[in-house]
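Numbering (this note's numbering), first residue to last: 52 to 202.
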């Protein structure tokens, strides 16, 4: 605007944008996004829509504005949605990464527990074999003593 010799304040720009945004939202609230695109391209379609006369008058008033900039506002809102979706994707990726870290940690803990369990089983088996060996030795010594008493 400054290049054309028009000087506007940032506040004026913001006010203008808010006005355009309000018109765009009002139009899409009344007609819906798809229908509003078609009606902006071909205003004659408005007469075929099942809307009250007051709503149709509101739409005509918005459409008659020289400063509708519907396509630009569509583009702006689509870009805004795109950024919102990208932010959601990033958040989901973060959650996935945290879950994977947590899951790997729990898998390691589980494997450590399995190995500890296996070690304890082997230790128990070893103790059981030692016990059997001791029992057999005792049994053998008792038989020897009995044999010695007999002889």
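By construction, the Cβ of each residue, glycine as well, lies at the ideal position given by its N, Cα and C atoms. As the structure is a computational prediction, the values presented were derived from the model and not from experiment.
| Check | Outcome |
| --- | --- |
| Simplified DSSP assignment, three categories, for residue 110 | helix |
| Exposure of residue 58, with buried meaning 16 or more beta-carbon neighbours within 10 Å | exposed |
| Environment of residue 148 [buried if 16+ CB atoms lie within 10 Å] | exposed |
| Spatial distance of residue 168 from residue 199 (CA atoms) | 46 Å |
| Buried or exposed (CB count within 10 angstroms, at least 16 for buried), residue 189 | exposed |
| Simplified DSSP assignment, three categories, for residue 101 | coil |
| Buried or exposed (CB count within 10 angstroms, at least 16 for buried), residue 74 | buried |
| CB-CB length for residue 124 against residue 82, believed under 8 Å | The Cβ separation is near 14 Å, so there is no contact. |
| Three CB pairs or more closer than 8 Å across the stretch 139 to 147 and the stretch 105 to 112 | no |
| Residue 68, DSSP secondary structure in three states | helix |
| DSSP state of residue 59 mapped onto helix, strand, coil | coil |
| Chain-order list of residues whose beta-carbon lies under 6 Å from that of residue 121 (same chain, five-residue window excluded) | 91 |
| Best match in 154, 68, 78 and 93 for proximity to residue 112 [C-alpha to C-alpha] | 78 |
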